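J.:
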């Protein structure tokens, strides 16, 4: 199975360094290409040691107002059609076991009705977050006004509520998706970005890959949870919650990997050697 790893770096380069170091340490596949899709981050020099990783500028910046993650993944998939599967992985992920991608590939191949396999969400302290349940539907209230041209008057605002379908999806933090006709047509026509549906019977909002998951259901397809897990810090690009704690855990993990790709000895990572800590 030929796999393309796609990760979006949104001002999260210290985490991307840990992701790449751990991924290359735990996986040695000739049929694995790694592409880092960057939103104009300023510190990419710390990734220069990963010579096998392709770095592509997305055209977006870290200050873009809309969520760009799904749009960036869509563009990357459509530009790289010749793969059997894509591994979407967040930059704030750390692989912790050999063969995680091999296991996920075998699990995907073993179930033709599955469109994806998602890794288990492990925490830096050794815990595991359970798979999302379908009983978690928080409500968000929206006040919306529309105008038909830049010079037109704004309409009177309307108010409605949306059920946030945060859990009813395969999560893009580490998910292997099969590249078949249904997937590609869905990516091309609908995309991978968040989406909202207004309806009198109850509006709904889906996060990244959420609407893709619903379309796949209409084709009798589902996603499975892998036997393997990865550490996922979560929300490091937009939330300052526990930033210093997460950065410290990140640097401790980075210190366990070689400073140079292919080095036979594990040493201190760049952040640990230089005493660098990033709370962003």
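Numbering (my numbering), first residue to last: 9 to 288.
Ideal placement from N, C-alpha and C gives every residue a C-beta, glycine not left out.
Quantities reported herein were computed from a predicted structural model and do not represent experimental measurements.
Under the rule that 16 or more other beta-carbon atoms within 10 Å means buried, what is residue 17, buried or exposed?
T.: Counting Cβ neighbours within 10 Å, residue 17 comes out buried, since at least 16 surround it.
J.: Below 6 Å CB to CB, which residues in the same chain sit around residue 68 once its five sequence neighbours on both sides are set aside?
T.: So the list reads 47 and 76, once near-sequence residues are dropped.
J.: Would you say the region 231–239 touches the region 89–109, given that touching needs at least three Cβ pairs under 8 Å?
T.: A contact exists between the region 231–239 and the region 89–109.
J.: Within the region 199–279, note down every full beta strand (DSSP E) run reaching 3 residues or more, in order along the chain.
T.: 203–205, 211–214 and 230–240, all fully within the region 199–279.
J.: Does the pairing of the region 166–183 with the region 216–231 give three or more beta-carbon distances under 8 Å?
T.: Result yes; three or more Cβ-Cβ pairs closer than 8 Å.
J.: I'd like the list of long-range same chain contacts for residue 64, defined as Cβ closer than 8 Å, with 5 residues on each side in sequence excluded.
T.: 43, 44, 45, 46 and 84.
J.: Once DSSP output is grouped into helix, strand and coil, what is the label at residue 281?
T.: Legend: pLDDT at residue 281 = 32, less than 50; position of this residue unreliable, no value from coordinates given.
J.: Which partner residues of residue 192 appear in the DSSP bridge assignment?
T.: Looking at the DSSP assignment, residue 192 forms no beta bridge with any residue, so it has no partner.
J.: From the DSSP output, in three-state form, read off residue 30 for me.
T.: In the structure shown, residue 30 sits in a helix (DSSP, three-state: H, G or I).
J.: If we ignore side chains and look at the alpha-carbon of each, how far apart do residue 170 and residue 146 end up?
T.: Looking at the two C-alpha atoms, the distance is approximately 8 Å.
J.: DSSP on residue 186, reduced to helix/strand/coil?
T.: If DSSP states are grouped into helix, strand and coil, residue 186 belongs with the strands.
J.: Which one of 245, 182, 90 and 164 has the shortest CA to CA distance from residue 188?
T.: The residue with the shortest Cα to Cα distance from residue 188 is 90.
J.: Look at residue 4 and residue 152 and say whether their C-beta atoms are less than 8 Å apart.
T.: Outside the shown range of the chain, which is 9 to 288, sits residue 4, and nothing can be said about it.
J.: Below 8 Å CB to CB, which residues in the same chain sit around residue 282 once its five sequence neighbours on both sides are set aside?
T.: Below a pLDDT of 50, predicted positions are generally treated as unreliable, and residue 282, at 36, falls in that range; the measurement from the model is reported next regardless. Here the set comprises nothing.
J.: Using 8 Å as the Cβ pair cut-off and three pairs as the minimum, do the region 179–198 and the region 116–127 touch?
T.: Yes: at least three Cβ pairs fall under 8 Å.
J.: For residue 94, which residues does DSSP report across the bridge?
T.: BP columns for residue 94 point to 12 and 185.
J.: Please classify residue 41: does DSSP put it in a helix, a strand, or coil?
T.: Correct three-state label for residue 41: strand.
J.: Considering only C-alpha positions, which residue in the set 159, 121 and 158 is nearest to residue 232?
T.: Of 159, 121 and 158, the residue nearest in Cα terms is 121.
J.: Are the CB atoms of residue 86 and residue 14 nearer to each other than 8 Å?
T.: No.
J.: Given a threshold of 16 other Cβ atoms within 10 Å of its Cβ, counted over all protein chains shown, does residue 197 qualify as buried or as exposed?
T.: Label assigned to residue 197: exposed.
J.: Hey, residue 240 and residue 130: beta-carbon distance below 8 Å or not?
T.: Cβ atoms of residue 240 and residue 130: closer than 8 Å.
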